[in-house]
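Numbering (the numbering used here), first residue to last: 985 to 1059.
This report concerns only the one structure given below.
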Amino acid sequence: MKPRERILATLNGQIPDRVPWLEMVIDPAVAEKLLGRPSEFRGRLNIDPALLDILALDNIAVNLKPPDVTEKYYA
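See the structure below:
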């Protein structure tokens, strides 16, 4: 199964070929060791896309944090 099929099967109550593997955060030092180069995503919550293939991950983490508008009111 492809990652998308695996996730959808699980959400639909079907049995996937294996348990979906999801990671939200990977330590930048570990990511750089696996990649063999500095990660472009250092310091962010998103995972470097190259790690998806290396680790066979089934998800893509996206940081959807809204902007902090309180700063202009309480600064």
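We treat Cβ as the ideally placed atom computed from N, Cα and C, and that holds for glycine.
- Consult DSSP for E1016 and reduce its assignment to one of helix, strand or coil. Here residue 1016 refers to the residue found at position 32 of the sequence shown. It is helical.
Distance, Cα to Cα, L1019 vs D1011?
Start at 1 with the first residue of the sequence shown, and residue 1019 comes out as number 35. Start at 1 with the first residue of the sequence shown, and residue 1011 comes out as number 27. Roughly 12 Å between the two C-alpha positions.
Whole-angstrom distance between K986 and L1035, CA atom to CA atom: Position 51 of the sequence shown, counted from the start, is the residue given in the question as residue 1035. Position 2 of the sequence shown, counted from the start, is the residue given in the question as residue 986. Between the alpha carbons of L1035 and K986 lies a gap of roughly 16 Å.
(request) Assign P1004 to one of three DSSP states: helix, strand, or coil. (result) Within the sequence shown, residue 1004 is the residue found at index 20, counting from 1. If DSSP states are grouped into helix, strand and coil, P1004 belongs with coil.
Three-state secondary structure assigned by DSSP to E1024: Counting from 1 along the sequence shown, the entry for residue 1024 is found at position 40. E1024 carries a coil assignment under DSSP once its states are collapsed to helix, strand and coil.
In three-state DSSP terms, what is L992? Translated into positions along the sequence shown, residue 992 becomes position 8. DSSP places L992 in helix when its eight states are reduced to three.
Q. Run through DSSP, which three-state label would I999 get?
A. Sequence index remark: in the sequence shown, residue 999 carries index 15 (1-based). The answer is coil: DSSP assigns I999 none of H, G, I, E or B.
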